[in-house]
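K.L.:
Got a structure here, written out as structure tokens. Questions coming.
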Amino acid sequence: MCARVLIAGPWSGSGKTTVTLALLAALKARGLDLAAAKCGPDYVDPQFHREVLGIQSRNLDPYFLDQEALCAALARAGSHLTLIEGVMGYYDGVGPAGLYSTYQLAVQTQTPVILVVPARGIYQSLQALISGYKNFQADSQIRAVIFNQASPHLARQLAEFATSQGLESLGVLPYAAENLIQPGRLGLEIQADKAVLTDQIQRLGQLAEKYLDLDKVLGLADQAPSLDAYLPPAQWPQDDQARREGGAYKLPSLERPAQDPASARPTCILAVARDQAFDKLYPENIQVLEGAGFQIENFSPLDSIALPEGAAALYLPGGCPENFAADLAANESLRASIYQALKAGLPCWAEQGGTAYLCQDLCGQPMVAYLKSRVELADRLQNFGYGKLVALKANPLCPVGEPLKCHEFHYYRADAPGQDLKRQKASGSLLPVAGWAGDRLLASFAQLYLPAYPEAARRFYQVARAGSGD
Numbered sequence: 489m490c491a492r493v494l495i496a497g498p499w500s501g502s503g504k505t506t507v508t509l510a511l512l513a514a515l516k517a518r519g520l521d522l523a524a525a526k527c528g529p530d531y532v533d534p535q536f537h538r539e540v541l542g543i544q545s546r547n548l549d550p551y552f553l554d555q556e557a558l559c560a561a562l563a564r565a566g567s568h569l570t571l572i573e574g575v576m577g578y579y580d581g582v583g584p585a586g587l588y589s590t591y592q593l594a595v596q597t598q599t600p601v602i603l604v605v606p607a608r609g610i611y612q613s614l615q616a617l618i619s620g621y622k623n624f625q626a627d628s629q630i631r632a633v634i635f636n637q638a639s640p641h642l643a644r645q646l647a648e649f650a651t652s653q654g655l656e657s658l659g660v661l662p663y664a665a666e667n668l669i670q671p672g673r674l675g676l677e678i679q680a681d682k683a684v685l686t687d688q689i690q691r692l693g694q695l696a697e698k699y700l701d702l703d704k705v706l707g708l709a710d711q712a713p714s715l716d717a718y719l720p721p722a723q724w725p726q727d728d729q730a731r732r733e734g735g736a737y738k739l740p741s742l743e744r745p746a747q748d749p750a751s752a753r754p755t756c757i758l759a760v761a762r763d764q765a766f767d768k769l770y771p772e773n774i775q776v777l778e779g780a781g782f783q784i785e786n787f788s789p790l791d792s793i794a795l796p797e798g799a800a801a802l803y804l805p806g807g808c809p810e811n812f813a814a815d816l817a818a819n820e821s822l823r824a825s826i827y828q829a830l831k832a833g834l835p836c837w838a839e840q841g842g843t844a845y846l847c848q849d850l851c852g853q854p855m856v857a858y859l860k861s862r863v864e865l866a867d868r869l870q871n872f873g874y875g876k877l878v879a880l881k882a883n884p885l886c887p888v889g890e891p892l893k894c895h896e897f898h899y900y901r902a903d904a905p906g907q908d909l910k911r912q913k914a915s916g917s918l919l920p921v922a923g924w925a926g927d928r929l930l931a932s933f934a935q936l937y938l939p940a941y942p943e944a945a946r947r948f949y950q951v952a953r954a955g956s957g958d
């Protein structure tokens, strides 16, 4: 059994994140065993779940994972309840068919959906909106409504609007709640604002406890069909009562497990850039890399003076190094350490901001200069969305000609963008060749999700281990 519910919205900006954080905070305050998830390629919202609320969180992406993998990921959460936050509008995805949408995730995982409906500046028309979303697809999975930005005085009438369309109202979240977390804050570095954000989310939780029917939320989540069939038999719960009383099974967290300092160090160390400038990476990627055999050693391009001792490979993930370009440039010791290691043949995988860091300069500030390209910021997102990469050269992660699904979310524009990767949008349209690949390097402004390609992690490990002499 995996109790779960999905929080969806009719469009971006309807309040999905606000309502999700409010529910998580309120249910955590009740002492419930929670997990969270985010539909699609998103780093910020899971960071809120993990770092501000202290709740295990992961991404569930129908583009990268098939139905079996999505259901297995939910079943492995090992919590009493998983709250899933949708992405964009409920039916919005790739192309006219809306592929890889929140709706597709709900159908594939048979998860009950709560539709978050903004109720400011609209009244009777809400019935048409609710009816349209509920009935657009016969298997919409939409079971209930939360009215966002709504006056509590209208709660009874709004509930009648929902009931008239065959849905249950779970209450209203007052308009004041929307002012607690300003929209621009979602892109800020979370650690710097953690105390403020924690206080704001706690107040959201108090509003949810007061104005939303949390018992009905829990009841709706309990209606979700069991996903135990997607677990190996040894991990099946003994019975549902045991699950409720403490989870008869508990799988390892997606977070990196603590290492015993006295234990013998594995021989294949993967140096991973982790700090304020490089914080856009999937914890699942780290989990898969560890499963392939790597020992992860984090370092900071902002503060470390050299790569971790004994590093056999390097992973430079995404982030916003442009916001810290002067500080990164000032760390000449580490830039030189990375440059010399790469010239000596250290295997490297870089993506998004990590690739920008490998270039000659970023926004006029000197970087590692291993890639002979200069990077500036465009005034709009570049090649935003899902796509595929096909390597034209053998590299540490994939053979020539093997397509890898990816996504892009960045503003980077390089004057010499590389010529080693064929690129294609998920819609099928071709993009100019770009990126860098070679026996010891794969670098691109796109980002990968390794649970979809565990063999890429194993290949990376084998290349690193061969290079380390083990």
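Count along the sequence shown starting at 1, add 488, and that's the number in our numbering. Note that beta-carbon positions come from the ideal geometry of N, C-alpha and C, so glycine has one too. Just so you know, these numbers come straight off a predicted model, no measurement behind them.
Check whether the stretch 809 to 829 touches the stretch 902 to 915, counting contact only when three or more Cβ pairs, one atom from each stretch, lie closer than 8 angstroms.
P.N.:
Taking 8 angstroms as the limit for Cβ pairs, the verdict is that the stretch 902 to 915 does not touch the stretch 809 to 829.
K.L.:
Can you pull the DSSP bridge partners for Lys526?
P.N.:
The residue you call residue 526 lines up with position 38 of the sequence shown. Its beta-bridge partners are Asn547 and Glu573.
K.L.:
Is it right to say Trp499 is buried, meaning 16 or more other beta carbons lie within 10 angstroms of its own, or is it exposed?
P.N.:
On the sequence shown, residue 499 is found 11 positions in, with the first residue counted as 1. Counting Cβ neighbours within 10 Å, Trp499 comes out exposed, since fewer than 16 surround it.
K.L.:
Starting from the Cα of Gln544, find the closest Cα among Asp530, Ala557, Ala525 and Val532 and give me that residue.
P.N.:
Reading the sequence shown from its first residue, position 56 is the one you call residue 544. Among Asp530, Ala557, Ala525 and Val532, the Cα nearest to that of Gln544 belongs to Ala525.
K.L.:
Could you pull the start and end residues of the beta strand (DSSP E) that Gln783 belongs to?
P.N.:
Your numbering for residue 783 matches position 295 in the sequence shown. Taken as a continuous stretch (DSSP letters only), the beta strand (DSSP E) holding Gln783 covers Gln783 to Phe787.
K.L.:
Per DSSP, what kind of secondary structure is Lys622 in: helix, strand or coil?
P.N.:
As a position in the sequence shown, residue 622 is number 134, starting the count at 1. Lys622 falls in the helix class under three-state DSSP.
K.L.:
Is there contact between the stretch 892 to 903 and the stretch 871 to 882, where contact requires at least three CB pairs shorter than 8 angstroms?
P.N.:
At 8 angstroms Cβ cutoff, the stretches touch.
K.L.:
By the DSSP assignment, the beta strand (DSSP E) with Phe635 in it spans what residues?
P.N.:
In the sequence shown, counting from the first residue as 1, residue 635 sits at position 147. Per DSSP, Phe635 belongs to the beta strand (DSSP E) from Ile630 to Asn636.
K.L.:
Under DSSP, the beta strand (DSSP E) around Cys894 begins and ends at which residues?
P.N.:
Taking the sequence shown and counting its residues from 1, one reaches residue 894 at position 406. Start and end: Pro891 to Glu896.
K.L.:
Look at Gly570 and Cys490 and say whether their C-beta atoms are less than 8 angstroms apart.
P.N.:
As a position in the sequence shown, residue 570 is number 82, starting the count at 1. As a position in the sequence shown, residue 490 is number 2, starting the count at 1. The question names Gly, but residue 570 in the sequence shown is Thr. Yes, these two residues count as a Cβ contact at 8 angstroms.
K.L.:
Within 10 angstroms of the Cβ of Ser652, are there 16 or more other Cβ atoms? Answer buried if so, exposed if not.
P.N.:
On the sequence shown, residue 652 is found 164 positions in, with the first residue counted as 1. By the neighbour-count rule (16 or more Cβ atoms within 10 Å), Ser652 is not buried but exposed.
K.L.:
According to the neighbour-count rule (16 or more other Cβ atoms, all chains shown, within 10 Å of its Cβ), is Ile630 buried or exposed?
P.N.:
For this step, residue 630 is matched to residue 142 along the sequence shown. Answer is buried; the Cβ neighbour count reaches 16.
K.L.:
How about Leu777 and Ala945: do their beta carbons lie closer than 8 angstroms?
P.N.:
What you label residue 777 is simply residue 289 of the sequence shown in a count that begins at 1. What you label residue 945 is simply residue 457 of the sequence shown in a count that begins at 1. Yes, Cβ-Cβ distance for Leu777 and Ala945 is below 8 angstroms.
K.L.:
Are the beta-carbon atoms belonging to Glu573 and Lys504 less than 8 angstroms from one another?
P.N.:
Position 85 of the sequence shown, counted from the first residue, corresponds to residue 573. Position 16 of the sequence shown, counted from the first residue, corresponds to residue 504. Against a cut-off of 8 angstroms, the Cβ pair of Lys504 and Glu573 comes out as a contact.
K.L.:
Give the straight-line distance between the Cα atoms of Pro771 and Tyr937, rounded to the nearest whole angstrom.
P.N.:
Within the sequence shown, numbered from 1, the residue matching residue 771 stands at position 283. Within the sequence shown, numbered from 1, the residue matching residue 937 stands at position 449. Going by the C-alpha atoms only, they are around 10 angstroms apart.
K.L.:
Given 8 angstroms as the limit, is there contact between the stretch 553 to 560 and the stretch 574 to 588, that is, 3 or more CB pairs closer than that?
P.N.:
With the cut-off at 8 angstroms, the stretch 553 to 560 and the stretch 574 to 588 do not touch.
K.L.:
Going by Cα to Cα distance, which pick from Lys698, Val605 and Ala712 is closest to Ala563?
P.N.:
The count along the sequence shown starts at 1 and reaches residue 563 at position 75. Among Lys698, Val605 and Ala712, the Cα nearest to that of Ala563 is on Ala712.
K.L.:
Answer with buried or exposed for Glu810, where buried requires no fewer than 16 other C-beta atoms within 10 angstroms of its C-beta.
P.N.:
By 1-based counting over the sequence shown, the position of residue 810 is 322. Buried.
K.L.:
Whose CA, out of Asn871, Tyr941, Ala902 and Pro939, lies closest to the CA of Leu865?
P.N.:
Numbered from 1 along the sequence shown, position 377 holds the residue referred to as residue 865. The residue with the shortest Cα to Cα distance from Leu865 is Ala902.
K.L.:
Across the stretch 506 to 521 and the stretch 687 to 698, are there enough close Cβ pairs to call them in contact, namely three or more that are closer than 8 angstroms?
P.N.:
With a cut-off of 8 angstroms, the stretch 687 to 698 and the stretch 506 to 521 count as touching, because enough Cβ pairs lie within range.
K.L.:
For Leu646 and Glu839, what's the separation of their Cα atoms in angstroms?
P.N.:
Counted from its first residue, the sequence shown places residue 646 at position 158. Counted from its first residue, the sequence shown places residue 839 at position 351. Each residue's Cα considered, the two are about 46 angstroms apart.
K.L.:
Grab me the residues of Ala759's own chain with a C-beta within less than 6 angstroms of its C-beta, minus the 5 sequence neighbours each way, in chain order.
P.N.:
For the purposes of this step, residue 759 is taken as residue 271 along the sequence shown, with counting starting at 1. Excluding residues within five positions, the ones whose Cβ falls inside 6 angstroms are Glu785, Phe787, Leu795, Pro796, Ala799 and Leu802.
K.L.:
Would you tell me roughly how many angstroms separate the C-alpha atoms of Val951 and Arg928, rounded to the nearest one?
P.N.:
Residue 951 sits at position 463 when you count from the first residue of the sequence shown. Residue 928 sits at position 440 when you count from the first residue of the sequence shown. Val951 and Arg928: Cα-Cα distance of roughly 8 angstroms.
K.L.:
Could you tell me which of Arg546, Ala523 and Gly528 sits nearest to Pro534, measuring between CA atoms?
P.N.:
Looking up residue 534 in the sequence shown gives position 46. Closest option to Pro534, Cα to Cα, is Arg546.
K.L.:
Ile602 and Ala632: beta carbons closer than 8 angstroms?
P.N.:
Sequence index remark: in the sequence shown, residue 602 carries index 114 (1-based). Sequence index remark: in the sequence shown, residue 632 carries index 144 (1-based). Their beta carbons are under 8 angstroms apart, which means Ile602 touches Ala632 by this criterion.
K.L.:
So who's on the other strand from Ser714, going by DSSP bridges?
P.N.:
The residue you call residue 714 lines up with position 226 of the sequence shown. None; Ser714 has no bridge partner.
K.L.:
Nearest to Tyr551 by CA position, among Glu539, Gln596 and Ala709, is which residue?
P.N.:
Your numbering for residue 551 matches position 63 in the sequence shown. Minimum Cα distance to Tyr551 is reached at Gln596.
K.L.:
What is the DSSP secondary structure of Phe948, reduced to helix, strand or coil?
P.N.:
Along the sequence shown, one-based indexing puts residue 948 at 460. Phe948 falls in the helix class under three-state DSSP.
K.L.:
Kindly identify the DSSP beta-bridge partner or partners of Val921.
P.N.:
As a working note, residue 921 is residue 433 in the sequence shown. DSSP, once it has assigned bridges, lists no residue as partnering Val921.
K.L.:
Tell me the rounded alpha-carbon separation between Pro745 and Arg823.
P.N.:
Working through the sequence shown from its first residue, we reach residue 745 at position 257. Working through the sequence shown from its first residue, we reach residue 823 at position 335. Residue confidence is low: Pro745 scores 43 on pLDDT, short of 50, so the model does not pin down where it sits. Its coordinate-derived value is still stated next. If you take the alpha carbons of Pro745 and Arg823, they lie about 29 angstroms apart.
K.L.:
When you compare the CB positions of Lys768 and Gly806, do they come within less than 8 angstroms of one another, or not?
P.N.:
Position 280 of the sequence shown, counted from the start, is the residue given in the question as residue 768. Position 318 of the sequence shown, counted from the start, is the residue given in the question as residue 806. Cβ atoms of Lys768 and Gly806: closer than 8 angstroms.
K.L.:
With burial defined as no fewer than 16 other Cβ atoms inside 10 Å of the residue's Cβ, what is the status of His898: buried or exposed?
P.N.:
Taking the sequence shown and counting its residues from 1, one reaches residue 898 at position 410. Under this definition His898 is a buried residue.
K.L.:
If we count the other Cβ atoms within 10 Å of its Cβ and call it buried at 16 or more, is Ala814 buried or exposed?
P.N.:
Here the question's residue 814 lines up with position 326 in the sequence shown. It is exposed - the Cβ of Ala814 has fewer than 16 other Cβ atoms within 10 Å.
K.L.:
So is Arg608 buried or exposed if we call it buried at 16+ other beta carbons inside 10 Å?
P.N.:
Here residue 608 is taken as the residue at index 120 of the sequence shown, counted from 1. It counts as exposed.
K.L.:
Can you have a look at Leu846 and say buried or exposed, based on whether 16 or more other CB atoms are within 10 angstroms of its CB?
P.N.:
Taking the first residue of the sequence shown as 1, we reach residue 846 at position 358. Counting Cβ neighbours within 10 Å, Leu846 comes out buried, since at least 16 surround it.
K.L.:
Kindly indicate which three-state DSSP category Pro534 falls into: helix, strand or coil?
P.N.:
The sequence position of residue 534 within the sequence shown is 46, counting from 1. Correct three-state label for Pro534: helix.
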